[in-house]
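Q: Okay, here's the structure, questions in a sec.
Residue numbers (the working numbering): 87 to 554.
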């Protein structure tokens, strides 16, 4: 909520002079103020009004301030309550705070102290709202299966997945290690008509060449020493479902030939077998290598590449979707909460800031691993530091003062500022690397030239300064 939308404060006190003076003070500060003389009237007002904060006296008539606090926490758990009393008792202060009051004030109150406590409580509530909104966005707007994003390049990936998911077309996922290729494959499967059938993943680089063939196609009893029984392979396991072949660029030439035959004939032959086994399996392949280059160099069969490359989808590296880092960090914080016994609830803005300035060579996998490590090591309920490996000379560190924002800045505004700061640095690096060639930069960034020119205008960047 912005301060242009007046925050609504309920003052509960049986002292009319205090109600009038407090109402005048708060209205002068541009708050909307309602006043009632007792707890019963305060609870009745909850039915038809929405409040952002309650300022309640501790000692009133039939219903005490403590009783009102208990009732408010039952009906509106997230509503901040500040207790006020003329009897500055430590015991009552401790009781009120233990029951959920956000702060405590004694009469006669100092106006400056009262305003500071109210602003602090409302700021905390505003940040909680932003965090809740971010978490809701994770579950809805910015989440597709387990793929989390608000960035343009990833939204296009999700659109492509949605278009091709319900077909039987073979898909080739391309991208650096750690960019989420298996997540994309799972999204393809679980948003298709095959979602109730098996999804089987095989890492082609993790299985020795001598075992990969039998792993994929299975074997008959007696096919080789140790084959004491028949075993079905991954193709048969994935029958009517999806087989995900990760790091397809690492398979040996002999297996490439047999895989091509499977794609052509829709059948496999087990090692040591003599008959064909029909399969009805969708293939999704993935690689972090340049298969076209491998084809030209003779390291990968061209006919197999064209069979796999029916519908290519390229996943961008994390450094090209920096605006997703806050979302992903929050996503991993929730996913791995058990590592801290669900004690850690938040990530400090400075940590987000530091992550926005890191190059992420390991991409999303690296980010997830660092969040897991930070969860285990965090001493309190907030991650206040993260172990970013070394320093990357190609990426300057983003400091909090560089963006001109500090801890008092509202969460959403803070993230927006840091994202803009990272975007400007990225654009300047592209202009420097490609000597101000707007056509080439637009193509590499997968945006139109107008977008580049608009962003340069936003950041007062002169492209001529980067040309030879």
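We treat Cβ as the ideally placed atom computed from N, Cα and C, and that holds for glycine. Bear in mind the structure is a predicted one, so any value in this text is a computation, not a measurement.
Roughly how many angstroms separate the alpha carbons of residue 305 and residue 320, rounded to a whole number?
A: Taking the chain shown and counting its residues from 1, one reaches residue 305 at position 219. Taking the chain shown and counting its residues from 1, one reaches residue 320 at position 234. If I take the Cα positions, the gap works out to 11 Å.
Q: Buried or exposed: which applies to residue 273, given that a residue is buried once 16 or more other Cβ atoms fall within 10 Å of its Cβ?
A: Translated into positions along the chain shown, residue 273 becomes position 187. The residue is buried, with at least 16 neighbouring Cβ atoms inside 10 Å.
Q: With DSSP as the reference, please indicate the residues paired to residue 168 in a beta bridge.
A: Within the chain shown, the letter at position 82 stands for residue 168. Bridge partners of residue 168: 141, 189.
Q: Return the first residue and the last residue of the alpha helix (DSSP H) that residue 96 is part of.
A: Residue 96 sits at position 10 when you count from the first residue of the chain shown. No alpha helix (DSSP H) contains residue 96, which is instead part of the beta strand (DSSP E) from 94-98.
Q: By DSSP, does residue 105 sit in helix, in strand, or in coil?
A: For the purposes of this step, residue 105 is taken as residue 19 along the chain shown, with counting starting at 1. Residue state, collapsed to three classes: helix.
Q: Under a three-way DSSP split, which group does residue 435 fall into?
A: Counting from 1 along the chain shown, the entry for residue 435 is found at position 349. Note: residue 435 maps to helix in three-state DSSP.
Q: CA-CA distance, residue 246 and residue 399?
A: What you label residue 246 is simply residue 160 of the chain shown in a count that begins at 1. What you label residue 399 is simply residue 313 of the chain shown in a count that begins at 1. Taking the straight line from one Cα to the other gives about 7 Å.
Q: State buried or exposed for residue 487, treating a residue as buried only when at least 16 other CB atoms are found within 10 Å of its CB.
A: Against the chain shown, residue 487 aligns to sequence position 401. Only weak support exists for where residue 487 lies, its pLDDT of 41 falling under 50; the value from the coordinates is given anyway. Exposed: under 16 other Cβ atoms inside 10 Å.
Q: Give me the Cα-Cα distance between residue 407 and residue 288, rounded to the nearest whole angstrom.
A: Residue mapping note: residue 407 aligns to position 321 of the chain shown, counting from 1. Residue mapping note: residue 288 aligns to position 202 of the chain shown, counting from 1. Distance between the alpha carbons of residue 407 and residue 288 is about 28 Å.
Q: How big is the Cα-Cα spacing for residue 430 and residue 160?
A: By 1-based counting over the chain shown, the position of residue 430 is 344. By 1-based counting over the chain shown, the position of residue 160 is 74. Approximately 24 Å, taken between the alpha carbons.
Q: My output table needs one value for residue 123: the three-state DSSP class, helix, strand or coil.
A: Along the chain shown, one-based indexing puts residue 123 at 37. Coil at residue 123, not helix or strand.
Q: Is it true that the CB of residue 354 sits closer than 8 Å to the CB of residue 303?
A: Mapped onto the chain shown, residue 303 falls at position 217. Mapped onto the chain shown, residue 354 falls at position 268. Contact: yes.
Q: Helix, strand or coil: how does DSSP classify residue 149 here?
A: For the purposes of this step, residue 149 is identified with residue 63 of the chain shown, where counting begins at 1. Of the three classes helix, strand and coil, the one that applies to residue 149 here is coil, per DSSP.
Q: Check residue 334 in the structure and name its three-state DSSP category.
A: Counting from one through the chain shown, the residue named residue 334 turns up at place 248. Correct three-state label for residue 334: helix.
Q: Indicate whether residue 153 and residue 99 have their beta-carbon atoms separated by less than 8 Å.
A: Residue numbering aside, residue 153 sits at position 67 when the chain shown is read from its first letter. Residue numbering aside, residue 99 sits at position 13 when the chain shown is read from its first letter. Taking 8 Å as the Cβ cut-off, residue 153 and residue 99 do not qualify as a contacting pair.
Q: Give the straight-line distance between the Cα atoms of residue 313 and residue 300, rounded to the nearest whole angstrom.
A: If you number the chain shown from 1, residue 313 lands on position 227. If you number the chain shown from 1, residue 300 lands on position 214. Those two C-alpha atoms are separated by around 10 Å.
Q: Here's the rule: buried if 16 or more other CB atoms are within 10 angstroms of the residue's CB, otherwise exposed. What is residue 480?
A: Start at 1 with the first residue of the chain shown, and residue 480 comes out as number 394. Because residue 480 carries a pLDDT of 38, less than 50, the predicted location of this residue cannot be relied on, and the following value inherits that uncertainty. Its Cβ having fewer than 16 others within 10 Å, residue 480 is exposed.
Q: Less than 7 Å between C-beta atoms, sequence neighbours within five positions excluded: which residues of the same chain meet that for residue 266?
A: By one-based count along the chain shown, residue 266 stands at place 180. 233, 401, 450, listed in sequence order.
Q: Going by DSSP, which residues form a beta bridge with residue 468?
A: The residue given as residue 468 occupies position 382 in the chain shown. According to DSSP, residue 468 bridges with 432.
Q: By Cβ distance, which residues of its chain are closer than 6 Å to residue 567, with the 5 residues on each side in sequence left out?
A: In the structure displayed, the chain extends from 87 to 554; residue 567 sits before or after that span and is not available.
Q: Straight-line CA distance for residue 433 to residue 178?
A: Numbered from 1 along the chain shown, position 347 holds the residue referred to as residue 433. Numbered from 1 along the chain shown, position 92 holds the residue referred to as residue 178. If I take the Cα positions, the gap works out to 33 Å.
Q: Can you find the residues in the same chain that come closer than 7 Å, C-beta to C-beta, to residue 380, ignoring five residues on each side of it along the sequence?
A: Counting from 1 along the chain shown, the entry for residue 380 is found at position 294. Excluding residues within five positions, the ones whose Cβ falls inside 7 Å are 335, 386.
Q: Straight-line CA distance for residue 105 to residue 163?
A: The residue given as residue 105 occupies position 19 in the chain shown. The residue given as residue 163 occupies position 77 in the chain shown. Whole-angstrom Cα-Cα distance: 24 Å.
Q: Measure how close the beta-carbons of residue 236 and residue 425 come, nearest whole angstrom, since I'm counting them as under 8 Å.
A: One-based indexing of the chain shown puts residue 236 at position 150. One-based indexing of the chain shown puts residue 425 at position 339. Not a contact, Cβ separation roughly 25 Å.
Q: Alpha carbon to alpha carbon, how far is residue 156 from residue 325? Give it in angstroms, no decimals.
A: Against the chain shown, residue 325 aligns to sequence position 239. Against the chain shown, residue 156 aligns to sequence position 70. For residue 325 and residue 156, the distance between alpha carbons rounds to 58 Å.
Q: Can you tell me whether residue 260 is helix, strand or coil according to DSSP?
A: As a working note, residue 260 is residue 174 in the chain shown. DSSP places residue 260 in strand when its eight states are reduced to three.
Q: Let me know the secondary structure DSSP gives residue 520 once reduced to three states.
A: Position 434 of the chain shown, counting from 1, holds the residue named residue 520. In this structure, residue 520 counts as coil in the three-state DSSP scheme.
Q: DSSP has residue 286 in a bridge; who is on the other side?
A: As a first step, residue 286 is located in the chain shown; it is residue number 200 there, counting from the start. In the DSSP output, where bridge partners are listed per residue, residue 286 has 329.
Q: Note down, in chain order, each residue of its chain lying with its Cβ closer than 6 Å to the Cβ of residue 226, except the 5 sequence neighbours on either side.
A: Taking the chain shown and counting its residues from 1, one reaches residue 226 at position 140. Its pLDDT being 49, under 50, residue 226 is placed unreliably by the model, and nothing is read from it.
Q: Suppose you measure from the CA of residue 427 to the CA of residue 536; what does that come to, to the nearest Å?
A: Counted from its first residue, the chain shown places residue 427 at position 341. Counted from its first residue, the chain shown places residue 536 at position 450. If you take the alpha carbons of residue 427 and residue 536, they lie about 49 Å apart.
Q: Under 8 Å between the Cβ atoms of residue 457 and residue 418?
A: Position 371 of the chain shown, counted from the start, is the residue given in the question as residue 457. Position 332 of the chain shown, counted from the start, is the residue given in the question as residue 418. Their beta carbons are under 8 Å apart, which means residue 457 touches residue 418 by this criterion.
Q: Give the straight-line distance between the Cα atoms of residue 95 and residue 148, rounded to the nearest whole angstrom.
A: Start at 1 with the first residue of the chain shown, and residue 95 comes out as number 9. Start at 1 with the first residue of the chain shown, and residue 148 comes out as number 62. Their backbone Cα atoms lie some 22 Å apart in a straight line.
Q: Quick one: is residue 259 buried, meaning 16 or more other Cβ sit within 10 Å of its Cβ, or exposed?
A: Here residue 259 refers to the residue found at position 173 of the chain shown. It is buried - the Cβ of residue 259 has at least 16 other Cβ atoms within 10 Å.
Q: Taking the straight line between their C-alpha atoms, what separation do you get for residue 183 and residue 131?
A: Numbered from 1 along the chain shown, position 97 holds the residue referred to as residue 183. Numbered from 1 along the chain shown, position 45 holds the residue referred to as residue 131. Each residue's Cα considered, the two are about 23 Å apart.
Q: Measuring straight from C-alpha to C-alpha, what distance separates residue 135 and residue 525?
A: Position 49 of the chain shown, counted from the first residue, corresponds to residue 135. Position 439 of the chain shown, counted from the first residue, corresponds to residue 525. The alpha-carbon atoms of residue 135 and residue 525 are separated by roughly 56 Å.
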